[in-house]
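Structure first, commentary second.
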Amino acid sequence: MTKKSNGLGSILNFAEETLSKGSSELKKALEEHKVSERLDAATKTVMSTEVGKKASKLSGDASNALDEISGKKLLALVEERLTIQDTYNDILATKLEEALQRIEELEQRLEGHEHKKVL
Numbered sequence: 798m799t800k801k802s803n804g805l806g807s808i809l810n811f812a813e814e815t816l817s818k819g820s821s822e823l824k825k826a827l828e829e830h831k832v833s834e835r836l837d838a839a840t841k842t843v844m845s846t847e848v849g850k851k852a853s854k855l856s857g858d859a860s861n862a863l864d865e866i867s868g869k870k871l872l873a874l875v876e877e878r879l880t881i882q883d884t885y886n887d888i889l890a891t892k893l894e895e896a897l898q899r900i901e902e903l904e905q906r907l908e909g910h911e912h913k914k915v916l
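Right, here's the structure in full:
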């Protein structure tokens, strides 16, 4: 997270510096009454610094961070479900073993009962 935080900080600093530079140029233009010319220069400066790309990267980083958080929550939920499933499987296996033992006992009784009839 530190790397992303530093990246976000540098992007914000870069954007602030770019805005400050553009603002300075606009003030000069107003003072010299060459507003249109200076405005074009300021626009070119902003465009040449790739602020749009930086903003897009910032948006992507934020989206990735949200995906990472969501992924952690999803993983925790899956792990919880697996724990519940393991418990259920253990109970089911125990009940099945008990049922098989009862069936075996009943079969033995039945065989013993039939064996007595034959004698």
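Residue numbering for the sequence shown follows the numbering used here, starting at 798 and increasing by one per position. Note that the Cβ used here is the ideal one computed from N, Cα and C, for glycine as well. As the structure is a computational prediction, the values presented were derived from the model and not from experiment.
For Glu-813, the closest alpha carbon among the candidates Lys-825, Glu-877, Leu-893, Val-848 is that of Val-848. In this structure, DSSP gives Glu-877 a helical state, which the three-state scheme calls helix.
For the pair Ile-808 and Leu-855, the CB atoms are nearer than the 9 Å cut-off. Fully enclosed beta strand (DSSP E) runs of no fewer than 3 residues are not present anywhere in the stretch 847-873. In this structure, Gly-819 and Thr-842 form a Cβ contact; the two beta carbons are roughly 6 Å apart against a cut-off of 8 Å.
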